[in-house]
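Numbering (my numbering), first residue to last: -8 to 205. Beneath this line is the structure, given in structure tokens, with notes to follow.
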């Protein structure tokens, strides 16, 4: 499996068989350049334009934007469960989906725009991901310290921070990845990565956190 971060909360996950999954595609209004991404399935955590620009994904993908369990490919299972976009049970920003992708013996979790601590049921369903994509910027989502605690509670093997301030969205009221890295100190961190290649047999050799090139 190869994972590449496009920008923000959008990742492209490609299995060894060539099946491609895109997560939370953004549009140009959020500030990032829009890349041409082709996928077979696209996951949409919620209805904000920095997460639901499905029209920018080519390839006529299957769109998963609601709760449930889905198999867009016989060898892939995707589970979408509900979460909150804020710490007031959705009263400020509504809900967000949390995704578990199971493929090639790997568990990949994408936490959308999670805005609060996970509850016991969510932890049970998402527990021990090989790859955890988690927002770290705060304000709209959990912050870096909360993200590090979430990774610890879930016992994630490799963490991919997302949804943080970069040069493209310098005016946003969110933080960069520094607070997460500080809270995750002592871990093996790979920075400025272009892509991450993982298999179920090499997770022990993978870094504990990866920051992709922006």
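C-beta atoms are modelled at their ideal positions from N, C-alpha and C, and glycine is treated no differently.
Cα atoms of residue 24 and residue 102: separation of roughly 23 angstroms, rounded to the nearest angstrom. Distance from residue 63 to residue 45 at the Cβ level is roughly 14 angstroms; contact not present, criterion being Cβ atoms closer than 8 angstroms. In the DSSP assignment, residue 153 is bridged to 126.
Judged by pairs of C-beta atoms under 8 angstroms, the stretch 25 to 34 does not touch the stretch 175 to 193, as fewer than three such pairs exist.
In the DSSP annotation of this structure, the continuous segment of the alpha helix (DSSP H) that includes residue 114 starts and ends at 111 to 117.
Here the alpha carbons of residue 22 and residue 99 stand approximately 27 angstroms from one another. Non-local C-beta neighbours of residue 130 in its own chain, meaning closer than 7 angstroms and more than five positions away in sequence, comprise 164 and 165, ordered along the chain. Note that the C-beta distance between residue 123 and residue 149 is below 9 angstroms. The beta carbon of residue 107 sits closer than 6 angstroms to those of 75 and 78, all from its chain and outside the five residues before and after it, given in chain order. The Cβ neighbour count for residue 158, taken over all protein chains shown within 10 Å, is under 16; the residue is labelled exposed.
In the structure shown, the three-state DSSP call for residue 191 is coil. Between the alpha carbons of residue 146 and residue 53 lies a distance of about 30 angstroms. Remark: C-beta atoms of residue 89 and residue 72 approach each other more closely than 9 angstroms. Per DSSP, the continuous beta strand (DSSP E) segment holding residue -4 begins and ends at -7 to -2. Taking residue 143 as reference, the option from 86, 162 and 178 with the minimal CA-CA separation is 178. Under the DSSP definition of a beta bridge, residue 72 partners with 89. The Cβ-Cβ distance between residue 12 and residue 1 does not fall below 9 angstroms.
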